[in-house]
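Comments concern the structure below.
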Amino acid sequence: MRFPLHITLDSIRHQMRNGLKGNKRYPMVMMLEPLYTCNLACIGCSTERHTGKLKDRVPLENCFKALDDCGAPIVSICGGEPTLYPELKELIEGIIARKRHIYLCTNALCLEKKVYGKIDPHKRLTINIHLDGMRETHDMVCAKEGVFDEAIAMLKEGKRLGYHMYTNTTVYRETSMEEVEELCEVCVAAGVDGMLIAPGYQYSSVDKDIFLSRQQINEKFKRVLELSKRYRLSSTPMYLEFAAGMRNYNCSPWSTVTYTPNGWKGPCYLIGKNFFETWDEFWNTTDWEYWESRQDKLCQNCMMHSGFEASAVFELKHSPKDMVRMAAWNLLG
Ligand code: SF4
Numbered sequence: 001m002r003f004p005l006h007i008t009l010d011s012i013r014h015q016m017r018n019g020l021k022g023n024k025r026y027p028m029v030m031m032l033e034p035l036y037t038c039n040l041a042c043i044g045c046s047t048e049r050h051t052g053k054l055k056d057r058v059p060l061e062n063c064f065k066a067l068d069d070c071g072a073p074i075v076s077i078c079g080g081e082p083t084l085y086p087e088l089k090e091l092i093e094g095i096i097a098r099k100r101h102i103y104l105c106t107n108a109l110c111l112e113k114k115v116y117g118k119i120d121p122h123k124r125l126t127i128n129i130h131l132d133g134m135r136e137t138h139d140m141v142c143a144k145e146g147v148f149d150e151a152i153a154m155l156k157e158g159k160r161l162g163y164h165m166y167t168n169t170t171v172y173r174e175t176s177m178e179e180v181e182e183l184c185e186v187c188v189a190a191g192v193d194g195m196l197i198a199p200g201y202q203y204s205s206v207d208k209d210i211f212l213s214r215q216q217i218n219e220k221f222k223r224v225l226e227l228s229k230r231y232r233l234s235s236t237p238m239y240l241e242f243a244a245g246m247r248n249y250n251c252s253p254w255s256t257v258t259y260t261p262n263g264w265k266g267p268c269y270l271i272g273k274n275f276f277e278t279w280d281e282f283w284n285t286t287d288w289e290y291w292e293s294r295q296d297k298l299c300q301n302c303m304m305h306s307g308f309e310a311s312a313v314f315e316l317k318h319s320p321k322d323m324v325r326m327a328a329w330n331l332l333g
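One point on numbering: in my numbering, the residue at position 155 of the sequence shown is 155, and numbering is uninterrupted.
In structure tokens form, the structure reads like this:
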């Protein structure tokens, strides 16, 4: 199976529970950014995500409260660099105790020191390594030499130690799709369990001109769609067809909610128009209908999986053919 059975079943149970309650909108993924401290300053990253002080990190109990409040079955721990969070072990253990699934998103530089041998492999824990290209490109994106070699070494070591290992690649305007294919080959040879390839999004605080227009996303993702037939990509075929310009969806910004050192971020993972102290305030005052419609100018070039993967899944009920394709994609992947 493309996704382990326990993740698939928990996600289906979560959807059924919400369906029975009549909920039209509910989170599937919580992006937990427990700190805005990082050991890199990548060129595509928003400034606030790597300039924060460690003392301003989210206290452990607030992370758990946020998780309990939103109820998402999947937690993506990112940041900043989450391996720098001093209470990472307790955080991961607490999330596992709540029977949620974790993607630990990391640049891999501290995996050896902070994770391997300190936090045991677990079926609910996936380590997700950032890799934006082959050596020269990735080191340029990370603004530091040696990051690519370390990431590949840690991918192999993670597999050797029994962790579930993913990679996460952002496609920028200059990204060569031949290079993305070469990267897929390298990751497969290293034993990767799954690969996420996403289009870059221009955060308001990033002034570098490296991001894609919608037309450029469509062109690049036609190639990604081809790659998905040969490699274990974790994006659904429907989402990839959307990114390739072959389908249209409204956004589902509420499906991926983001908790940060500044509180709940609204309306979505990408846009921090407002930050809220409490879940109720965030959930009940955000104008979901407006953001679903993609009419805001900040949404014009956005085709991010955090907004649209859920739309692809929620639309399945209208197409038995897509439902069968999705089941086959997961079962046979
Ligand atoms: S389209 Fe993109 S930027 Fe707009 S609300 Fe959805 S995820 Fe956010």
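Heads up, the beta-carbon is just placed ideally off N, CA and C, and yes, glycines get one too.
Can you tell me whether residue 58 is helix, strand or coil according to DSSP? When DSSP states are grouped into helix, strand and coil, residue 58 belongs to the coil group.
Straight-line gap, residue 180 to residue 139 (C-alpha atoms, nearest Å): Per the coordinates, the alpha-carbon of residue 180 lies some 15 Å from the alpha-carbon of residue 139.
Euclidean distance between Cα positions of residue 266 and residue 99: Taking the straight line from one Cα to the other gives about 26 Å.
Could you give the C-beta distance for residue 172 and residue 148, rounded to a whole number, given that I count them as a contact under 8 Å? Actually they do not touch by this definition, with Cβ atoms about 16 Å apart.
Just list the residues that DSSP pairs residue 105 with in beta bridges. Note: residue 105 sits in a beta bridge opposite 128.
Determine the direct distance from the alpha carbon of residue 132 to that of residue 161, and round the result to whole angstroms. Residue 161 and residue 132 have their C-alpha atoms spaced approximately 24 Å apart.
Please say whether residue 169 and residue 134 have beta carbons closer to each other than 8 Å? For residue 134 and residue 169, no; Cβs fall outside 8 Å.
Please list the terminal residues of the continuous alpha helix (DSSP H) segment that includes residue 306. Run containing residue 306: 305-314, per the alpha helix (DSSP H) assignment.
So the candidates are 79, 9, 289; which of them puts its Cα closest to the Cα of residue 254? Considering only alpha carbons, the answer is 289.
For residue 75, collect the residues of the same chain with a Cβ closer than 6 Å to its Cβ; drop the 5 residues on either side in sequence, then sort them by chain order. The residues 30, 32, 95, 100, 102, in chain order, have a CB closer than 6 Å to that of residue 75 in the same chain once the five nearest residues on each side in sequence are set aside.
Ligand 1 and residue 212: does any heavy atom of the ligand fall closer than 7 Å to the residue's C-beta? Not under cutoff, so the answer is no.
Could you check whether the Cβ of residue 78 sits closer than 7 Å to any heavy atom belonging to ligand 1? In this structure, ligand 1 has no non-hydrogen atom nearer than 7 Å to the beta-carbon of residue 78.
Which runs of the beta strand (DSSP E) at least 3 residues long sit entirely within the segment 247-309? Give them in chain order. Runs found: 256-260, 263-267, 272-276.
Which residues does DSSP pair with residue 194 in a beta bridge? Beta-bridge pairing links residue 194 to 166.
Residue environment, residue 58, which counts as buried when at least 16 other CB atoms sit within 10 Å: By the neighbour-count rule (16 or more Cβ atoms within 10 Å), residue 58 is buried.
Residue range of the alpha helix (DSSP H) that residue 11 falls in? Run containing residue 11: 5-21, per the alpha helix (DSSP H) assignment.
Should residue 119 be labelled buried (16 or more other beta-carbon atoms within 10 Å of its own) or exposed? Buried, because 16 or more other Cβ atoms sit within 10 Å of the Cβ of residue 119.
Between which two residues does the beta strand (DSSP E) carrying residue 31 extend? For residue 31, the uninterrupted beta strand (DSSP E) run begins and ends at 29-32, by DSSP.
May I ask you to report which of helix, strand or coil DSSP gives residue 92? If DSSP states are grouped into helix, strand and coil, residue 92 belongs with the helices.
To the nearest angstrom, how far is it from the Cα of residue 182 to the Cα of residue 227? Going by the C-alpha atoms only, they are around 11 Å apart.
By Cβ distance below 6 Å, which residues in the same chain neighbour residue 312 in space, the five residues on each side in sequence not counted? Apart from sequence neighbours up to five positions away, the residues of its chain that approach residue 312 with a beta-carbon distance below 6 Å are 236, 238, 239, ordered along the chain.
Residue 276 to residue 282 span [Cα, whole Å]: The alpha-carbon atoms of residue 276 and residue 282 are separated by roughly 6 Å.
Per DSSP, residue 75 is paired with what? The partner list for residue 75 (beta bridge, DSSP) reads 30, 102.
Could you tell me whether the Cβ atoms of residue 192 and residue 175 are closer together than 8 Å? The answer is no: Cβ separation not under 8 Å.
For residue 237, does the three-state DSSP call read helix, strand or coil? In the structure shown, residue 237 sits in a helix (DSSP, three-state: H, G or I).
From what residue to what residue does the alpha helix (DSSP H) around residue 138 run? Unbroken alpha helix (DSSP H) run through residue 138: 135-141.
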